[in-house]
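What follows is one structure encoded as structure tokens, with my remarks underneath.
Residue numbers (my numbering): 49 to 536.
Structural data, given as structure tokens:
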């Protein structure tokens, strides 16, 4: 009998294990403004918060001598046109490659430059997910049957350019007057009373804004109130903090202890309390991050990550694989990768659906399934999260994809639109014409084999469904309706 052939896999090249090599040491000292900051001060969360850059003048002062005057002027004009306030921590500033700032993936997320901004797709909105439509009380969104989103506050340790809640998060800008969701006990009580009145609610996401900005007593108050509700089984505290200011976990001991107590209380009640965070690029993960996440793991805190697919940041398989493996290495579980929401002002960061389809295929099998994220579209108009490959129809030429969400919005159809920059010049020209927009949308809906419901006129006359499909026939929830009255 022949002996079996040796099937031993060859060793992995050492350069494929670079996800284990994390930046350490006093890397911040390469920047002149932080050259004399010692480690104990740099690790102080309160120092990071006090010295965060919140206006263009301070940014120019910190970057003076590091970048050209042309870049500084470009950034100034970008900030003036942004829908989000400027706030970026010294930690993040220190991780940006200022020798090549235009290409740096961290700079692209937090500091806009006017020269890179692109014209918005005509179907973008300020509330693309229709969170306000599904809000029974201010600051609470109830869309899924058993889950609610509680927006506890409207501030963050840093502000992302691409924030899907640019309608409320941060200060007013020259382009957006924000809905105020400040910490308010009366508003909180209204939200909690609603949750208590709905026994189907088992899963509560506490977000904002960012729970990093909550005081320890507020973390305790929210956690205790929710855990004491009989039917609530799961709580998720959402924060970008570990990606932009991991120092808080290390040095804000009262905040860390408050979170730990709620996690432990939940475990004793056989309820799950987890931390959901938001890393987008492997360069955001340092030795400081590893230590912070390690301390939370020692305390039994489950940490999951949700990323956003961003052009020029993480829209390559190599970058996404590196991010996935680096997160896994520091015991943060990759959970979701979102296709960029249809939010105004950041068209330069959006990718087509095709990009997500390609990367999700190439990621599968790189590591264990439980450390492999799911790529999703948060269906515009309130359809909730849909796997990117579950579209009913996708027109690669016009960039229109059609999704349905039977468990959330039965009978509704949700449209996602690829960015204009990914389309041909001829199709971009068609998007300039409202009548052509209707033609393209109606064609996509027809090819998705959606049966047209009765039109308003048919309903008024008591007629059954039928006749040719028109833009007014197929209704989509929220701002993405094909009802002509809402499209214009």
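Glycine included, every Cβ here is placed at the ideal spot set by N, Cα and C.
Quiz item: What first and last residue would you give for the alpha helix (DSSP H) that runs through residue 71?
Solution: Translated into the one-based positions of the chain shown, residue 71 becomes position 23. Note, residue 71: premise wrong, no alpha helix (DSSP H); not H, not E.
Quiz item: By DSSP, does residue 509 sit in helix, in strand, or in coil?
Solution: Stepping through the chain shown from its first residue, residue 509 is reached at position 461. In this prediction, residue 509 has a pLDDT of 38, which is less than 50 and means its spatial position is unreliable; what the coordinates show is noted afterwards. Three-state result, residue 509: helix.
Quiz item: Quick one: what's residue 241 bridged to in DSSP?
Solution: In the chain shown, residue 241 corresponds to position 193, counting from 1. Looking at the DSSP assignment, residue 241 forms no beta bridge with any residue, so it has no partner.
Quiz prompt | Bridge partner(s) assigned by DSSP for residue 355 | solution = Here residue 355 refers to the residue found at position 307 when the chain shown is read from its first residue. Answer by DSSP bridge pairing, in chain order: 385.
Quiz item: If you run the structure through DSSP and keep just helix, strand and coil, what is residue 320?
Solution: Position 272 of the chain shown holds residue 320. DSSP places residue 320 in strand when its eight states are reduced to three.
Quiz item: Using DSSP with H/G/I as helix, E/B as strand and the rest coil, what is residue 502?
Solution: Counting from 1 along the chain shown, the entry for residue 502 is found at position 454. Residue placement at residue 502 is flagged as unreliable, the pLDDT there being 40, under the threshold of 50; a coordinate-derived value is accordingly withheld.
Exercise. Look at residue 136 and residue 107 and say whether their C-beta atoms are less than 9 angstroms apart.
Key: In the chain shown, residue 136 corresponds to position 88, counting from 1. In the chain shown, residue 107 corresponds to position 59, counting from 1. Yes, these two residues count as a Cβ contact at 9 angstroms.
Practice problem: Can you tell me which of the three DSSP states residue 377 falls into? | Solution: Here residue 377 is taken as the residue at index 329 of the chain shown, counted from 1. Looking at residue 377 - three-state DSSP - the assignment turns out to be helix.
Exercise. Using the Cα positions of residue 293 and residue 134, report the straight-line distance between them to the nearest angstrom.
Key: Mapped onto the chain shown, residue 293 falls at position 245. Mapped onto the chain shown, residue 134 falls at position 86. Cα to Cα, residue 293 sits roughly 16 angstroms from residue 134.
Quiz prompt | Rounded straight-line distance, which links the Cα of residue 332 to that of residue 264 | solution = Working through the chain shown from its first residue, we reach residue 264 at position 216. Working through the chain shown from its first residue, we reach residue 332 at position 284. Looking at the two C-alpha atoms, the distance is approximately 25 angstroms.
Practice problem: Starting from residue 282, follow the beta strand (DSSP E) in both directions and report where the run begins and ends. | Solution: Position 234 of the chain shown, counted from the start, is the residue given in the question as residue 282. Residues 282 to 286.
Self-check item: Whole-Å CB distance - residue 200 paired with residue 257, under 8 angstroms assumed
Solution: As a working mapping, residue 200 is identified with position 152 in the chain shown. As a working mapping, residue 257 is identified with position 209 in the chain shown. Going by Cβ atoms, the distance from residue 200 to residue 257 rounds to 7 angstroms, so yes, they are a contact pair.
Quiz prompt | Endpoints, the beta strand (DSSP E) within which residue 441 is located | solution = In the chain shown, counting from the first residue as 1, residue 441 sits at position 393. Run containing residue 441: 441 to 443, per the beta strand (DSSP E) assignment.
Quiz item: According to DSSP, is residue 207 helix, strand or coil?
Solution: Here residue 207 corresponds to residue number 159 of the chain shown, with the count starting at 1. It is coil, neither helix nor strand.
Exercise. Could you give the DSSP three-state label for residue 216: helix, strand or coil?
Key: Stepping through the chain shown from its first residue, residue 216 is reached at position 168. The answer is coil: DSSP assigns residue 216 none of H, G, I, E or B.
Exercise. For residue 113, count neighbouring C-beta atoms within 10 Å of its own C-beta (all shown protein chains included) and say buried if the count is 16 or more, exposed if not.
Key: On the chain shown, position 65 is the one that residue 113 refers to. That one is exposed.
Quiz item: Do the CB positions of residue 323 and residue 287 come within less than 9 angstroms of each other?
Solution: For the purposes of this step, residue 323 is taken as the residue at position 275 of the chain shown. For the purposes of this step, residue 287 is taken as the residue at position 239 of the chain shown. Yes, these two residues count as a Cβ contact at 9 angstroms.
Practice problem: Can you tell me which of 222, 262 and 270 puts its alpha carbon nearest to the alpha carbon of residue 239? | Solution: Sequence index remark: in the chain shown, residue 239 carries index 191 (1-based). Among 222, 262 and 270, the Cα nearest to that of residue 239 is on 270.
Exercise. Determine the burial state of residue 55: buried for a count of at least 16 other Cβ atoms within 10 Å of its Cβ, exposed for fewer.
Key: By 1-based counting over the chain shown, the position of residue 55 is 7. Exposed is the call here.
Practice problem: Give me the Cα-Cα distance between residue 395 and residue 469, rounded to the nearest whole angstrom. | Solution: By 1-based counting over the chain shown, the position of residue 395 is 347. By 1-based counting over the chain shown, the position of residue 469 is 421. Looking at the two C-alpha atoms, the distance is approximately 8 angstroms.
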